[in-house]
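Each residue of the sequence shown is one higher than the one before, counting from -14 in our numbering.
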Amino acid sequence: MSEIDKDYELEMFKIMINKYLDESTSCTEKSLNELEIKRDQITWDLASKIYKQSGHKVEFSLVRDIVNSRIRSIKYQLTEEDRRIAEQKAEEDRRIAESDPQFFSKVADVLGKFGGDERKAKGEHVILLGRIIH
């Protein structure tokens, strides 16, 4: 088999493995945990599936490397999503603070008035938010 043929075969294996992972995983903590826990079983299953369907043997290390790459990708995506949410929350807090510099002290006063019981203070908190918005 020529070098070009080997490279092509390798690319086909990568496509098949990634297609399976696309169909069986999502960008969630649950999916990430399952992928990490079942990494070796998934590697075995994918290598076996490729052999059964095509008769070609695929290196376990290739499958494992692609699974590990997917794990890193999901971790990165989840981290970026958390960062994006934190930035949005910080921006929202900043806008609230700019619109009423006394807002946070008012909220603290309301919570203090009800002994820190957020359920009791919730109605008063909504009124404070209503005053800022209106």
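Idealized CB from N, CA, C, for every residue including glycine.
Looking at the secondary structure, which residues open and close the alpha helix (DSSP H) in which residue i lies?
i: Glu8; result: Glu(-12) to Ser9
i: Val52; result: Phe45 to Ser84
i: Gly26; result: In the sequence as presented, Gly is not what sits at residue 26; that position holds Gln. Unbroken alpha helix (DSSP H) run through Gln26: Arg24 to Ser39.
Taking buried to mean at least 16 other C-beta atoms within 10 Å of its own C-beta, is residue i buried or exposed?
i: Ile51; result: buried
i: Met(-14); result: exposed
i: Ile22; result: exposed
i: Arg55; result: buried
i: Glu59; result: The sequence given here has Ile at residue 59, not Glu. Buried, because 16 or more other Cβ atoms sit within 10 Å of the Cβ of Ile59.
i: Ile70; result: exposed
i: Glu(-4); result: exposed
- For the region -14 to -4 and the region 5 to 13, state whether three or more C-beta atom pairs, one from each stretch, are separated by less than 8 Å. no
- Query: How do the region 33 to 43 and the region -4 to 7 stand: do at least 3 beta-carbon pairs fall below 8 Å, yes or no?
  - Reply: yes
- Decide yes or no for the touch test of the region 60 to 78 against the region 37 to 52: beta carbon pairs closer than 8 Å, at least 3 of them. no
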